[in-house]
Amino acid sequence: MRIVVLVKPVPDTASGGERLRPDDWRLDRAAVPAVVNANDEYALEAALKLTEAHGGEVHLVSMAGPAAPETMRKALAMGAASGTLVTDDALAGSDVVSTTRVLAAAVRDLEYDLLLAGADTSDGGAGVVPAGVAALLGLPYLSYAAKIEPNPDAGTVRVNRITPTGYEVLEGPMPALIVATQALGEPRYPSLKGIMAARSKSLETKALADVAAGDAPVGGAAATTTVLDATAPPPRAATRVIREPADEAARQVVAFLAERRII
Amino acid sequence: MAGEIWVHGEVTADGSLANISTEVATIARTLAEAAGAAVVGVVVAADPAAAASELARFLPRVLAVSEPAAADHAAGAIVGQRLAALIERDQPAWLLTGAGPDGRDVAGVVSALSGWGVLVNAVGVAWDQGPVVTMSVFGGKLTTTSRFATEHGIVTVRPNAIEAAPAVQAGSVEPTTVDGELTLPKVRVVDRVAEAGAAAPIEEARIIVAGGRGVGGPDGFKVVEELAEALGGAVGATRAAVDAGWIPYAQQIGQTGKIVKPALYLALGISGAIQHKVGMQTAETIVAVNRDPDSPIAEFADVVVIGDLFEVAPALLAALRTRAG
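And the structure:
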């Protein structure tokens, strides 16, 4: 079973230092260290478990800046076999339309049974690219997976898709695009052996011209959206600390909620 | 006349209109007034009648598309294709939908098929020759204002961005058909499974009572659930509580879970680590109960009670019940 996982380097949210560049309001990727987007790690973990159970290997695809190989090595260290990075100055400032087109183009000529993507990214947070990639590639689309069960003999895959009230069991033919969530299970930490092995794994870098993105315009110059302004929201009021015993504390909290007309 | 503003009416498993769509419709109607444009709802479902007439309480005109394939197939790709075809036919300028899983699936398909840009996770939408979208990024650390560089686009709207308000006069429902085969592969729905506890999407809850590691185990969540019930709210959780198996993932709030903006967020035994904070810090009011006065949540909550949640939560329950009489 061959699985392609879409991964994106994002600013480390734990750093707390994410910012936009004041001149063009683009994400300042130099400001904070990059990590593999958390939801993509769940996708990768699920992919690794599936290849451990069914054989085969995992290939990474990313569209990102020139510093991305460092982050992608971390994903290779988790156990992916190889990767493709599409990186090009012209792609800086890409919107979701461009990102969808370029990722679809980068995946189009690969051979795979499953294409996995994280539910959204911690920087852009759009959560619309995987559905778009599936639409452009004409792939069955199984989103918000809490469980993935391929049946290689039948050439189908089942997914438990999380819904507000439970889940629906989806079944589609492979190859298919599946959107991964945290419910698939905790990602592994790279082993020392994995980290060593990652150094020599194949990580192919492609420019925009190397992927067949077609005639549709892509990149920062073709962006369909533009940020006008970014401001810090007004700070929250100072915290009121209640240290009284439970009954008195509860009385004060209820009075506070009533005062704010919440109850 | 400015281009039409369209609203994607999301349909729940039982065929009714999703709450989020009433909020999206309310926003769209306000925009249409400011723009002097027409506003139209679109419902695509196996049986769109119920959701379409509900949406027509909010909008003057609703297109109802019967799509038999949606009865037992995953909706995202099907609804997305039909919407893209209708957009091609009727040439509206803007499409608004919810920022939850169903809205995102449809927005992604329409964006790819139509080449329309998407502004995501709107917490407010104003009008200035086009939608001007306010969103909260980096977990509420920044508020950005964006617009489209083109004459059309898709906006995904977060729950609780606005209070839904029906129109003064209900609109009309127009059954319509869309020509053409569905070309994207269909994904069969083999089964629909209901799990207890999640009656409504947690993102839409006005009040959320959430538990973290400090709750200690599945038994500890009983008091969280009782408090949520007493307040008429939903139950939320941190990743630690979900990973420990105390509560389903659907209730998780934070970076890899849901982003919520309730009127009240009552946090029990939650330290307020950044991965959780990004999912809830735009709540209007945050009240925390924590033993540790130095926990991060004590710095950004409106009220923090320093104490044992197993003493404070029952006391809160009692005080609420006394008040309710």
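Protein sequence lines, in the order shown, are assigned to chains A and B. Residue numbering for the first sequence follows the numbering used here, beginning at 8 and increasing consecutively. Residue numbering for the second sequence follows the numbering used here, beginning at 9 and increasing consecutively. The C-beta atom is built at its ideal place from N, Cα and C for all residues, glycine as well. Quick caveat: nothing in here was measured; it's all calculated off a predicted structure.
Residue closest to residue i, alpha-carbon to alpha-carbon, out of the options
| i | options | result |
| --- | --- | --- |
| L67 of chain B | B:L94, B:S74, B:A33, B:R90 | B:A33 |
| P18 of chain A | A:P40, A:A245, A:L199 | A:P40 |
| D127 of chain A | A:Y119, A:E118, A:P137, A:P194 | A:P137 |
| T231 of chain A | B:R37, B:G138, B:S29, B:D98 | B:G138 |
| L239 of chain B | A:V261, A:G226, A:L235, A:V11 | A:V261 |
| V114 of chain B | A:E48, A:A133, A:G221, A:A245 | A:A133 |
| R165 of chain A | A:L215, A:I155, A:P171 | A:I155 |
| P171 of chain A | B:N27, B:A64, B:L328 | B:N27 |
| L91 of chain B | B:E41, B:I294, B:L63, B:G49 | B:G49 |
| K213 of chain A | A:P180, A:R206, A:D96 | A:D96 |
| R247 of chain A | A:L264, A:P241, A:T238, A:V234 | A:L264 |
| A50 of chain A | A:V225, A:A205, A:E193, A:E118 | A:E193 |
Within-8 Å CB hit, residue i to chain A
| i | result |
| --- | --- |
| D227 of chain B | no |
| F66 of chain B | no |
| A306 of chain B | yes |
| G147 of chain B | yes |
| T34 of chain B | no |
| I314 of chain B | yes |
| N129 of chain B | yes |
| E203 of chain B | yes |
| T184 of chain B | no |
| G17 of chain B | no |
| D310 of chain B | yes |
| T153 of chain B | yes |
| V73 of chain B | no |
| V197 of chain B | yes |
Min CB distance residue i to chain B below 8 Å
| i | result |
| --- | --- |
| E178 of chain A | yes |
| R267 of chain A | yes |
| Y148 of chain A | yes |
| G145 of chain A | yes |
| N158 of chain A | no |
| Y196 of chain A | no |
| Y119 of chain A | no |
| P240 of chain A | yes |
| A97 of chain A | no |
| T78 of chain A | no |
| L235 of chain A | yes |
| P73 of chain A | no |
| G226 of chain A | no |
| V14 of chain A | no |
| P273 of chain A | As shown, chain A starts at 8 and ends at 270. That puts residue 273 of chain A outside it, with no answer to give. |
Contact set between residue i and chain B, taken where Cβ atoms lie within less than 9 Å
| i | result |
| --- | --- |
| A142 of chain A | A85, G88, Q89, A92, G116, V117, V118, S119, A120, L121, L192 |
| V261 of chain A | L324, A327, L328, T330, R331 |
Proximal chain A residues relative to residue i, where beta-carbon distance stays under 9 Å
| i | result |
| --- | --- |
| G125 of chain B | D102, V103, V104, A230, T231, T232 |
| A326 of chain B | D254, A257 |
Residues of its chain near residue i, where Cβ-Cβ distance is below 7 Å and the 5 sequence neighbours each way are ignored
| i | result |
| --- | --- |
| A223 of chain A | R108 |
| A71 of chain A | K15, P16, L92, T94 |
| A59 of chain B | G17, V19, G23, S24, L25, V51, A53 |
7 Å Cβ cut-off: residues of chain B touching residue i
| i | result |
| --- | --- |
| S129 of chain A | Q263 |
| G162 of chain A | Ordered by position in chain B, no residue passes the 7 Å Cβ test against G162 of chain A, which lies about 12 Å from the chain. |
| V136 of chain A | G116 |
| A45 of chain A | Q263, T264 |
Cβ shell of residue i (< 6 Å), same chain only, five flanking positions each side left out
| i | result |
| --- | --- |
| D102 of chain A | A230, T231, T232 |
| I2 of chain A | Only positions 8 to 270 of chain A appear in the structure, and residue 2 of chain A is not among them; the question remains open. |
| A36 of chain B | I13, V15, V47, L104 |
| M203 of chain A | none |
| I267 of chain B | G287 |
| S209 of chain A | S89 |
| A42 of chain B | W135 |
Cutoff 8 Å; reference residue i; Cβ partners in own chain excluding five residues on either side
| i | result |
| --- | --- |
| P226 of chain B | G253, W254, I255 |
| K194 of chain B | A77, H81, A82, A85, I86 |
| L55 of chain A | V65, M85, G86, A87, R195 |
| F308 of chain B | G280, K285, Q289, I294 |
Interface partners of residue i on chain A, CB under 7 Å
| i | result |
| --- | --- |
| T30 of chain B | Simply none; closest approach about 15 Å. |
| E319 of chain B | A253 |
| G282 of chain B | Looking at the sequence shown, residue 282 of chain B is not Gly but Ile. Per Cβ cutoff of 7 Å: T20, A21, G23. |
| V286 of chain B | T20 |
Residue i: contacting residues in chain A (beta-carbon distance under 8 Å)
| i | result |
| --- | --- |
| G161 of chain B | T231, T232 |
| L25 of chain B | Those within 8 Å of L25 of chain B in chain A number zero; the least Cβ separation is about 13 Å. |
Distance cut-off 7 Å: residue i Cβ against heavy atoms of the ligand GTP
| i | result |
| --- | --- |
| G225 of chain B | The model on display carries no ligand, and the ligand GTP is accordingly not part of it. |
Indicate whether the contact test is met: 3 or more Cβ pairs, each with one atom in the stretch 54-61 of chain A and one in the stretch 14-33 of chain A, closer than 8 Å. no
If you pair each beta-carbon of the stretch 175-190 of chain A with each one of the stretch 147-156 of chain A, do three or more pairs fall below 8 Å? yes
With contact counted as at least three CB pairs below 8 Å, one residue from each stretch, are the stretch 314-322 of chain B and the stretch 293-303 of chain B in contact? yes
Would you check if there are 3 or more beta carbon pairs closer than 8 Å linking the stretch 146-160 of chain B to the stretch 277-296 of chain B? yes
Under 8 Å, with one C-beta from each stretch per pair, do the stretch 178-189 of chain B and the stretch 228-242 of chain B reach the 3-pair mark? no
Taking contact to mean at least 3 C-beta pairs separated by less than 8 Å, is the stretch 98-110 of chain B in contact with the stretch 148-162 of chain B? yes
Check whether the stretch 112-126 of chain A touches the stretch 126-135 of chain B, counting contact only when three or more Cβ pairs, one atom from each stretch, lie closer than 8 Å. no
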